[in-house]
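Going by numbering that gives the first Met the number 0, the sequence shown opens with residue 0, and the numbers climb by one from there. Idealized CB from N, CA, C, for every residue including glycine. Bear in mind the structure is a predicted one, so any value in this text is a computation, not a measurement. Heads up, the thing below is written out as structure tokens.
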Amino acid sequence: MRSRIFSFAIFSFIIFTAAACLRASEPVAPSESSAAIQEAAAEIPASGKLKVAIYSLSMQKKRIARILEEDGAFECTPVSGEDIKNGILEGFDFVLLPGGSGRGQARSMQPEGVANLKKFVHDGNGYLGICAGAYFPMQQGFLNGNTKSPKWLRGEEQLDLELTEEGLEVFGEEFRGIQKVRYANGPVFDINIDPNMPQVEVLAWFRSETAKNGTPAGIQVNSPAMVRTTYGKGMLITFSPHPESSDTLCVFLPKALRYMAKQLGKMPDNEEKK
Numbered sequence: 000m001r002s003r004i005f006s007f008a009i010f011s012f013i014i015f016t017a018a019a020c021l022r023a024s025e026p027v028a029p030s031e032s033s034a035a036i037q038e039a040a041a042e043i044p045a046s047g048k049l050k051v052a053i054y055s056l057s058m059q060k061k062r063i064a065r066i067l068e069e070d071g072a073f074e075c076t077p078v079s080g081e082d083i084k085n086g087i088l089e090g091f092d093f094v095l096l097p098g099g100s101g102r103g104q105a106r107s108m109q110p111e112g113v114a115n116l117k118k119f120v121h122d123g124n125g126y127l128g129i130c131a132g133a134y135f136p137m138q139q140g141f142l143n144g145n146t147k148s149p150k151w152l153r154g155e156e157q158l159d160l161e162l163t164e165e166g167l168e169v170f171g172e173e174f175r176g177i178q179k180v181r182y183a184n185g186p187v188f189d190i191n192i193d194p195n196m197p198q199v200e201v202l203a204w205f206r207s208e209t210a211k212n213g214t215p216a217g218i219q220v221n222s223p224a225m226v227r228t229t230y231g232k233g234m235l236i237t238f239s240p241h242p243e244s245s246d247t248l249c250v251f252l253p254k255a256l257r258y259m260a261k262q263l264g265k266m267p268d269n270e271e272k273k
């Protein structure tokens, strides 16, 4: 009886030891903190590429980032208003504010963040604004313009857009003539209202309009759709409509950044010829 108990104890010890060895040889799943570190490391821009900070409430790379990164010259990082307030723009070449709410973007940055963003542009960097991002610099006093009407809820529509000669210089001769572009409540620009501020140049005109929800008709046709200007040593290009929504006009985003990069002396030598 005693020998049976002893044999069973030996057998149990062997089984326990084998199981422990198997567990030790299994790969350990990364902890949540290490996964977060790896994810953050993946967001660090590759050397030699122009660095674009994209304001994003969701903190996710979406269509805009894919459009820019497919160009090959840019590496995008999503940033929050709190990030901008905390000085994250240092080390970037561009900041991009997409659709949403211009005043909401400013609220999320708080006054310190807005000041940081303006200083970033003033010190020689680039700003690309789309829809809400086109309202933002007018509202914050670093683009010489306003809207023709405070009634902004004009609706969503495919509108006619025509590039100016200056716009063709930025975006290419292949876009000469009328283009269809998605519009969704972007600003109806009234530019160059202050003679003491840098003047704004028109890159594209709206050639049709939408005027829903009691907004005034007749003010959008032949009004600026895309503009450029300077602020200190920096440069801004802003779009009232959404070219990123079009499989054809989405290239306007990297083309705008490439143009600003060349004007600001930022374009890497290996990208100049593209």
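Leu252 is not a Cβ neighbour of Ala203, given a cutoff of 8 Å.
Given a length threshold of 3 residues, each whole run of the beta strand (DSSP E) inside the region 161–222 is given here in chain order: 177–183, 188–190 and 200–205. As DSSP reads the structure, Asp159 sits in a beta bridge with Lys179. For Ala52, the enclosing beta strand (DSSP E) starts and ends at Leu49 to Tyr54. Closest option to Glu172, judged by alpha-carbon separation, among Arg181, Leu162 and Lys179: Leu162.
Between Gly132 and Leu95, the alpha-carbon positions lie close to 8 Å from each other.
Taking the Cα positions, Pro149 is about 32 Å away from Leu67.
Pro77 has its alpha-carbon roughly 15 Å from the corresponding atom of Gly112.
In the structure shown, the three-state DSSP call for Ala255 is helix. Counting along the chain, no beta strand (DSSP E) covers Asn143, and no H or E run does either. Annotation: the region 77–112 contains the following complete segments of the alpha helix (DSSP H) (minimum length 4 residues), in chain order: 80–84.
Closest by C-alpha distance to Ser55, out of Gly71, Phe205 and Gly98, is Gly98. Val250 sits away from Phe188, with the two beta carbons spaced by 8 Å or more.
The continuous stretches of beta strand (DSSP E) do not include Met137, which lies in the alpha helix (DSSP H) extending over residues Ala131 to Gln138. Around Gln109, the same chain offers Lys84 as residues with beta carbons nearer than 6 Å, after the five sequence neighbours per side are excluded. Here DSSP, grouped into helix, strand and coil, assigns Ala224 to strand.
With respect to the C-alpha of Phe170, the residue from Ile190, Val201, Thr146 and Met196 having the closest C-alpha is Val201.
In this model, Gly176 and Tyr182 are separated by some 18 Å (Cα to Cα). Excluding sequence positions up to five before and after Leu88, its CB lies within less than 7 Å of the CB of Ala52, Val94, Asn115, Leu116 and Phe119, all in the same chain and listed in chain order. Taking a contact as a CB-CB distance under 8 Å, the pair Gly123 and Leu263 counts as one, their CB atoms being some 6 Å apart. Note: Leu127 is bridge-paired with Leu95 and Ile236 in the DSSP secondary-structure output. Within the same chain, Gly101, Arg102 and Ala105 come within 8 Å of Gln138 by CB-CB distance, once the 5 residues on both sides are set aside. The Cβ atoms of Phe141 and Tyr230 sit closer than 8 Å to each other. For Glu74, DSSP records a beta bridge to Lys50. It is roughly 34 Å from the alpha-carbon of Leu49 to the alpha-carbon of Arg206.
Using a 10 angstroms sphere on the CB of Arg65, the tally of other CB atoms stays under 16, which defines it as exposed.
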